[in-house]
């Protein structure tokens with residue numbers, strides 16, 4: 012299973028916004044930070060805004076910010092909203108034309124694996140994947156460091 016570029020970039024966008032709480036960030040600054048094209052990032056921003064994950068403010072001093080605290084943004088929910096097709100095999104989809112449908116036990120095994128993956132992600136929020144905050148400065152550590160997931 013491989014997540015789409017949309018999901019990858021959406022998670023990066025949310026992480027960037029989570030690292031800059033309390034201020035409006037621009038698409039151009041995020042695009043530069045992650046080397047993502049601005050038009051592509053604009054599409055992702057539009058989608059995340061429609062889904063209620065981020066807020067957009069238009070105008071000269073506009074930008075984007077998280078619509079919820081990082082601890083309230085669940086990774087599994089973001090994944091479900093950004094992945095168009097989580098059907099790992101054709102027989103899990105609504106347009107199933109597999110000739111083995113109803114007689115193949117592989118479908119249940121693969122579906123079980125997908126459900127385990129989603130249940131695992133359900134335990135994590137955006138707050139879990141943000142770099143730790145420096146207790147002296149209040150700034151988040153450099154986002155180039157490897158971030159370990161914290162289980163709660």
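Numbering (our numbering), first residue to last: 12 to 163.
Think of the CB as a built atom: it goes at the ideal place given N, C-alpha and C, for glycine as much as any other residue.
| Item | Value |
| --- | --- |
| Three-state secondary structure (DSSP) of residue 35 | coil |
| Buried versus exposed, by CB contacts within 10 Å (16 or more), residue 155 | With a pLDDT of 43 at residue 155, under the threshold of 50, the modelled position of this residue cannot be trusted; read the value that follows with caution. So residue 155 ends up on the exposed side. |
| N-terminal and C-terminal residue of the beta strand (DSSP E) that residue 74 is part of | 74-77 |
| Beta-carbon separation (whole angstroms), residue 24 vs residue 93, contact threshold 8 Å | Incorrect: roughly 10 Å between the Cβ atoms, too far for contact. |
| Residue 53 versus residue 38 - alpha carbon distance | 7 Å |
| Range covered by the alpha helix (DSSP H) that runs through residue 88 | 86-93 |
| Among 88, 79, 87, 73, the one whose alpha carbon lies nearest that of residue 32 | 79 |
| Expected contact under 8 Å - CB spacing of residue 136 and residue 66 to nearest Å | The pair is not a contact, with the Cβ atoms about 18 Å apart (cut-off 8 Å). |
| Three-state secondary structure assigned by DSSP to residue 143 | coil |
| Buried/exposed call for residue 6, threshold 16 Cβ in 10 Å | The structure shown does not extend to residue 6, since the chain spans only 12 to 163, so no value can be given for it. |
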